[in-house]
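A.B. asks: My questions will all concern the structure given below.
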Amino acid sequence: MTTSNTRSTDKRWPSLAIRSYRTTFSTTYEVTGNKEEALEWLESLKRGYHPAGYGTHGRILHESPCGRVEMSAYRANSCD
Numbered sequence: 066m067t068t069s070n071t072r073s074t075d076k077r078w079p080s081l082a083i084r085s086y087r088t089t090f091s092t093t094y095e096v097t098g099n100k101e102e103a104l105e106w107l108e109s110l111k112r113g114y115h116p117a118g119y120g121t122h123g124r125i126l127h128e129s130p131c132g133r134v135e136m137s138a139y140r141a142n143s144c145d
């Protein structure tokens, strides 16, 4: 079973739109917004589930000339 959850904004990263899909074993994220904020968000996600970031990774799928990105991220739910 997959659960979809959309967060339009977060006070820490106001330019980002984040959509998450959670399954029993993992959570996948789709992120769009400012590149700098997206990378900060990814680092926060990594540290939030394991101090060394184990089980979490992300990559930029597309970057526009104006500095906006589309990013995907993934984390294992084993540390929940």
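66 is the number of the first residue of the sequence shown in my numbering; add one for each residue after it. Beta carbons: idealized from backbone N, C-alpha and C, even for Gly. Just so you know, these numbers come straight off a predicted model, no measurement behind them.
1) Considering Tyr152, what are the terminal residues of the beta strand (DSSP E) in which it resides?
2) Return the first residue and the last residue of the alpha helix (DSSP H) that Tyr114 is part of.
3) Please tell me whether Trp106 and Ile125 are closer than 9 Å, where the distance is taken between their beta carbons.
4) How should Lys111 be labelled, buried or exposed, when 16 other C-beta atoms within 10 angstroms of its C-beta is the threshold for buried?
C.D. replies: In short:
1) In the structure as shown, the chain begins at 66 and stops at 145. Residue 152 is therefore absent and cannot be evaluated.
2) Lys100 to Tyr114
3) no
4) buried
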